[in-house]
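The structure under discussion appears below in the form of structure tokens.
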Amino acid sequence: MDKVAVVGVGQTKYERGKTKSFAELVYEAARGALDDAGMGLSEIDNVVTTTNDFFDGRTIACMAVAEAAGSYGRDATNVEGDGTLGAFYGLMRTLSGVYNTTMVTAHCKVSEGSPRKIFNQAFDPIYDRLLGMDAISSCALQARAYMNRFRINEEQCAKVSVKNHRNAKNNPYAHVAMDITVEDVMKSRMLAEPIKRLDTSPISDGACAIILATEKVAKKKLARKPVWVRGVAHCTDAYRLGERDLTYSFALEAAAKKAYGMAGIMDPFREINVAEVYDAFTYMELMWYEGLGFCDRGDGGKLIDSGETQMEGRLPVNPSGGVLSAHSVQVAGLARIAEAVLQLRGEAGKRQVHGARTALAHGITGICAQTHCVWILSGEEG
Amino acid sequence: MKNISTGSEGELLEMSSGGAEHVYRWYCGHYISKFLIGLRDRKTILGIKCSHCGRVYVPPREVCGRCYRTMDKWVDLGTEGSIYAFTVVKLPYIDPNTGKSIKVPRTDIYVKLDGADTCLMHWLDETDEKKITVGARVRAIFKESRRGTIHDIECFTQI
Amino acid sequence: MGRRAAIVGVGQTYHTSKRKDVNGQELISEAVKRALDNAVLGLRDIDAIVIGNMDHFEGINCVDGWSVDGWGAFRRPIMKVTTGGSTGGTLGSCAYHHVASGLFDVVMAIGWEKNSESDTQAAISTCADPILERDFFGGAIGPNAAQYAMYMKRYGATQEDAALVTVRDHNNALKNPHAHLRKFITVQDVMNSPMLCWPIKLLDSCPRSDGACAVIYASEDKAPKIADRPAWVHATAVSHDCVYFGDYDWETMPTLEATVSRVYKRAGITDPLKEIDVMELYLPFSTCGVAWMDHMWFCDRGEAPKLVRKGVFDMDGELPLNPSGGVLATNPIGATALIRIGEAALQVMGKAEDRQVPNVNTAMATAFGSCYWFEATILRSTKP
Amino acid sequence: MQNETVFEVEERGGLLLHQGVIRVPYTWAAGAVASKFYVGLRNRKIYGIRCRMCKIVLVPPKKTCHQCFSDLSEWVEVSDEGTLQTFTVVHYSEPELHPMKAPFAYGIIKLDGADTGMTHLVGEADLKALREGMRLKAVFEEKPKGNYLDIKYFKPMKGAR
Chain A
15 MDKVAVVGVG QTKYERGKTK SFAELVYEAA RGALDDAGMG LSEIDNVVTT TNDFFDGRTI
75 ACMAVAEAAG SYGRDATNVE GDGTLGAFYG LMRTLSGVYN TTMVTAHCKV SEGSPRKIFN
135 QAFDPIYDRL LGMDAISSCA LQARAYMNRF RINEEQCAKV SVKNHRNAKN NPYAHVAMDI
195 TVEDVMKSRM LAEPIKRLDT SPISDGACAI ILATEKVAKK KLARKPVWVR GVAHCTDAYR
255 LGERDLTYSF ALEAAAKKAY GMAGIMDPFR EINVAEVYDA FTYMELMWYE GLGFCDRGDG
315 GKLIDSGETQ MEGRLPVNPS GGVLSAHSVQ VAGLARIAEA VLQLRGEAGK RQVHGARTAL
375 AHGITGICAQ THCVWILSGE EG
Chain B
58 MKNISTGSEG ELLEMSSGGA EHVYRWYCGH YISKFLIGLR DRKTILGIKC SHCGRVYVPP
118 REVCGRCYRT MDKWVDLGTE GSIYAFTVVK LPYIDPNTGK SIKVPRTDIY VKLDGADTCL
178 MHWLDETDEK KITVGARVRA IFKESRRGTI HDIECFTQI
Chain C
23 MGRRAAIVGV GQTYHTSKRK DVNGQELISE AVKRALDNAV LGLRDIDAIV IGNMDHFEGI
83 NCVDGWSVDG WGAFRRPIMK VTTGGSTGGT LGSCAYHHVA SGLFDVVMAI GWEKNSESDT
143 QAAISTCADP ILERDFFGGA IGPNAAQYAM YMKRYGATQE DAALVTVRDH NNALKNPHAH
203 LRKFITVQDV MNSPMLCWPI KLLDSCPRSD GACAVIYASE DKAPKIADRP AWVHATAVSH
263 DCVYFGDYDW ETMPTLEATV SRVYKRAGIT DPLKEIDVME LYLPFSTCGV AWMDHMWFCD
323 RGEAPKLVRK GVFDMDGELP LNPSGGVLAT NPIGATALIR IGEAALQVMG KAEDRQVPNV
383 NTAMATAFGS CYWFEATILR STKP
Chain D
1159 MQNETVFEVE ERGGLLLHQG VIRVPYTWAA GAVASKFYVG LRNRKIYGIR CRMCKIVLVP
1219 PKKTCHQCFS DLSEWVEVSD EGTLQTFTVV HYSEPELHPM KAPFAYGIIK LDGADTGMTH
1279 LVGEADLKAL REGMRLKAVF EEKPKGNYLD IKYFKPMKGA R
């Protein structure tokens, strides 16, 4: 792969009930990314927006944000799914030789629709949609399958919530930041066993934008230190829950292995300095530890117990507070990339992992994380 | 478990969503809110001007896409303009807002308000296409009771 | 930087108003199988997949994940793109960039729609801004009808000129076994068909179809090994400038002009009428086959009706348009623009059977949708 | 004017909020394969389909194997009894979605003779006593409508532990 760098990132604060319209939110993030990069829009030659028609309540949801994302007068396109996939398409356009600088945006106002009904629309209208499952109840099936198989207990999941909500206190963009205890999580209202209120992510609105550039541009534009894309891959598992091994994500393992191969990473736990993963529920972070090869299969609980994924551990996971602290659906994956970039530049403020040289960002989409996308970023060109 | 014959083409079933509905609570945003409040409180149509390229946009919005700059020069466009384009809808379709058929005929118009560079979409109170001409002058008719929606304008009428 | 890429396989279902015998997943699988057969590849040869449709037509969220059930995308890289009517163009472009990036060698684009599963106009109306424009947006017909009304007034074009476009495309469709509408028609038939939205009549309008299309793109190393005569991608372009329907300037068609000028420039084309051998244009209404031709470097403003009347775009004309019958004959919306690319590729590959235009070296396909979003692809038999 | 959509309008600090609804009705073709499955349920029979290549029986059936992409046509009848693979007890209520009143349970049930699990409801059960590996039996709808709820739910078998 030729060299491509992230040269600018912008995020809004994540909140419930943002008063800005879709376009106003996207402009805030896109303008933020341009200012961050020290670029003008004239230096951007193409745009990828990331949307979801159901959350926005309109088909062709990308229409609303065309001007705000900078699409006027330049090639623009749109991905539907997680922001990591929008960014992946942006990366491919930047690598294609046709374009040099790509603006990637994602926006979502989860609070404006009915997220449970919207998620239910991902189920098969011919078969199981009528069961009325949504993200919480379907992921609860996965959580139990995983926890039961590997004897992960609810307290271990709760530790993820405690860690990430505490980390969020250091992130000015986070939506829900707080000091809580394992007991608080355990006592929070049961939603769908074993998932409790504090095991879930909030309903957040927001937008994020990143700018990708070819090596030539990135080396010219030095408003910020370029952060290089060293590996990226995505993979999709089977659709029906009953046809998957819910206790382990093959798709994540496949995506991670490919991304590591591209980046020359042999031992992810030792070579990656910081990871931002898509923890829509607490159990997910533990499962993703395993899929990402941070520990052996079934050892996710032991890894959180060891404290190594805490801020002061060997591999801090979600210093930003992760998705548990701000879950603006399509945006969340792109925000993981933005956070990884800030870490590698040493500009992550109070959430900075000192000396971070290699970072991982991860996104998911679909029922029980059917699709995974893994990014490896580095401050070094390699 | 026993094998069964594959059989011939049998009955073909369909699944129905029934009356499923999806409720949204859309924030109008900082610019459209002001525009709608203009309709409601002052019976006037507000546009916004880009101080860089001079284009006047209606509906108003934060960014001029061409210049990629925020706009803050609000322009009172009044209530009159001309028909830029129109269409008389004659074939009923399901209204996505209600799930029921729309009533036809219905005339959709694109109004170029005096002083604006873009068009506002609305209805015209004339459904006989022979009596409508592109370029004809039109005026907005406001409702007595207004709530801050685009329907605070009842429709446009030819002057 | 950047690799060359070519189309090596095309597959589509037959298109019809309602496929009750298959669900969406099964429909997609038919097109995928045919594309693989066409390229003589197996699914294991495909490195990545992109899929697209318009969500509110079927009411299925995360279609990318759902679709894998019908056709074995199991444990593969897959992503979804969507831009309304232009989705097929977006898909082709996305698959092309997958290959051009050097990250994937063989990539399949899949477009599909089962328009029979909802009320097409209702679903498409949801693309208009809910607060300001949805109630006034009579589906895709409205703006196009308004545009042609203006065009007739300004340039003296007639409803019969548009009817000539319908007659051309429909009668071309007689030779396309996949086409949805295949019936010989005359200008009089068009003129006598019911008025939908003045001046657009039933036969000026595209149908709504159930159908799917899959197109396989391969890298410069792989393409010549897969196809004898691959259709090389020379350029793609897209333009999307507007937010509201009221923003668009129909007299100058800025996004169409920007798209074609970009794609011509990237492919080194200066006189498309002479340099391009066949085009598959996304013309949702016959009126577009007149009014839009002014903006594609074929003629001066207002001259298009003359070209149409002279038969310049007929099968035996200077630049045959829509040998497949185009959108007026077949319209499964999320697949429609990908069918344009697929048909253009088949022309270049010499595999267009009865609808083949002789000696095609350069072909162009366009897409149209959303808020006047245009896309274009130029394919050639020679490597870029 | 007729055709006007009436939004609920709220004003908050000079900003407006419109509440709207999308009500686009859908009719999905089940296709020949799923139709046959539902016709089976009408007769209280559960049909699966076998993939010879992968040597698995898929329930509910599908036309194409998601693993090997081969077309499937070998129909089999599987048992209406099976094993609970995983489950969740739902405690929140979402009346427009949920076919049962909370608390109720969802499970993935592998029917005897099938190699894939079926997501469904678990009813007539002591929710506190649910366990992975528990034996369940399908309870059929008295008046089948040709949809997934023609199996009302799966219930624990007598003496199941």
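Chains as they are written, first to last, in the working numbering: chain A, 15 to 396; chain B, 58 to 216; chain C, 23 to 406; chain D, 1159 to 1319.
Beta carbons: idealized from backbone N, C-alpha and C, even for Gly.
Query, Result
"Let me check one thing: in DSSP terms, what residues is V1164(D) bridge-paired to?", "DSSP output for V1164(D) lists no bridge partner at all."
"Would you list the one or two residues that DSSP bridges to Y167(B)?", "A142(B), M178(B)"
"Let me know the secondary structure DSSP gives A150(C) once reduced to three states.", "coil"
"Report buried or exposed for C76(A), applying the criterion of at least 16 other Cβ atoms within 10 angstroms of its Cβ.", "buried"
"Verify the CB distance criterion: does K223(C) have a CB-CB separation below 8 Å to chain B?", "no"
"Report the rounded CA-to-CA distance for L1199(D) versus L144(A), giving the unit in angstroms.", "16 Å"
"Quick check: V121(C) and I68(C), are their CB atoms within less than 8 Å of each other?", "no"
"So, does the CB of R82(B) fall closer than 8 Å to a CB anywhere in chain A?", "yes"
"With H, G and I counted as helix, E and B as strand and the rest as coil, what does DSSP make of Q25(A)?", "strand"
"By DSSP, does H248(A) sit in helix, in strand, or in coil?", "strand"
"If you follow the alpha helix (DSSP H) that V123(A) is in, where does it begin and where does it stop?", "It is Lys, not Val, that sits at residue 123(A) in the sequence shown. Premise fails: K123(A) lies in the beta strand (DSSP E), 115-123, not in any alpha helix (DSSP H)."
"Return helix, strand or coil for G75(B), following the three-state DSSP convention.", "coil"
"If I measure Cβ to Cβ from L295(C) and keep anything under 8 Å in the same chain, skipping five residues before and after, which residues do I get?", "W319, F320, V334, E340, L341"
"Closest Cβ-Cβ distance between I100(C) and chain B: below 8 Å?", "no"
"Spell out a yes or no on whether the segment 174-187 of chain B and the segment 150-159 of chain C are touching, meaning 3 or more CB-CB pairs, one atom from each, closer than 8 Å.", "yes"
"In terms of residue numbering, what span does the alpha helix (DSSP H) encompassing M130(C) cover?", "It is not in any alpha helix (DSSP H) - M130(C) instead sits in the beta strand (DSSP E) that spans 128-136."
"From this set, V337(A), T323(A), E304(A), V291(A), which residue's C-alpha is nearest I390(A)'s C-alpha?", "V291(A)"
"Mind checking which residues open and close the alpha helix (DSSP H) that includes F283(A)?", "282-285"
"With a threshold of 8 Å on Cβ separation, who are the neighbours of V18(A) within its own chain once the five nearest residues in sequence on each side are excluded?", "L105, T108, L109, L226, A227, T228, E229, A232, W242, V243"
"Identify the residues that DSSP records as bridge partners of A387(C): which are they?", "E302(C), T399(C)"
"In terms of residue numbering, what span does the alpha helix (DSSP H) encompassing P246(C) cover?", "245-248"
"In chain order, what residues of the same chain have a beta carbon less than 6 Å from the beta carbon of V30(C), not counting five sequence neighbours either side?", "A61, I238, A240, A245, I248, A249, P252"
"Helix, strand or coil: which one does DSSP assign to Q47(C)?", "helix"
"Classify M130(C) as buried or exposed, calling it buried when 16 or more other Cβ atoms lie within 10 Å of its own Cβ.", "buried"
"Counting contacts by CB-CB distance shorter than 8 Å, is K1303(D) in contact with chain C?", "no"
"Establish whether the CB of M1159(D) and some CB of chain B are separated by less than 8 Å.", "yes"
"Could you round the C-beta distance between G205(B) and E1169(D) to whole angstroms and report it? I think they count as a contact, below 8 Å.", "7 Å"
"What is the DSSP secondary structure of S288(C), reduced to helix, strand or coil?", "Before going on, a small fix: residue 288(C) reads as Arg here, not Ser. Helix."
"When DSSP labels each residue in this structure, what does G64(B) get in the three-state scheme?", "Legend: pLDDT at G64(B) = 42, less than 50; position of this residue unreliable, value from coordinates given subsequently. DSSP places G64(B) in coil when its eight states are reduced to three."
"With H202(C) and S231(C) assumed to form a contact (beta carbons below 8 Å), what rounded beta-carbon distance in angstroms separates them?", "5 Å"
"When you compare only the Cα positions, how much space is there between T63(B) and A43(A)?", "A caution first: T63(B) carries a pLDDT of 40, below 50, which makes its placement in the model unreliable, though a value can still be read off. Those two C-alpha atoms are separated by around 57 Å."
"Cβ of L96(B) less than 8 Å from any chain D Cβ?", "no"
"Indicate whether at least one CB of chain C lies closer than 8 Å to the CB of L144(A).", "no"
"Consult DSSP for Y125(B) and reduce its assignment to one of helix, strand or coil.", "coil"
"Leaving out five residues on either side along the sequence, give the residues of the same chain with a beta carbon under 6 Å from the beta carbon of T73(A).", "D67"
"Does R123(B) get closer than 8 Å to chain A when you measure Cβ to Cβ?", "yes"
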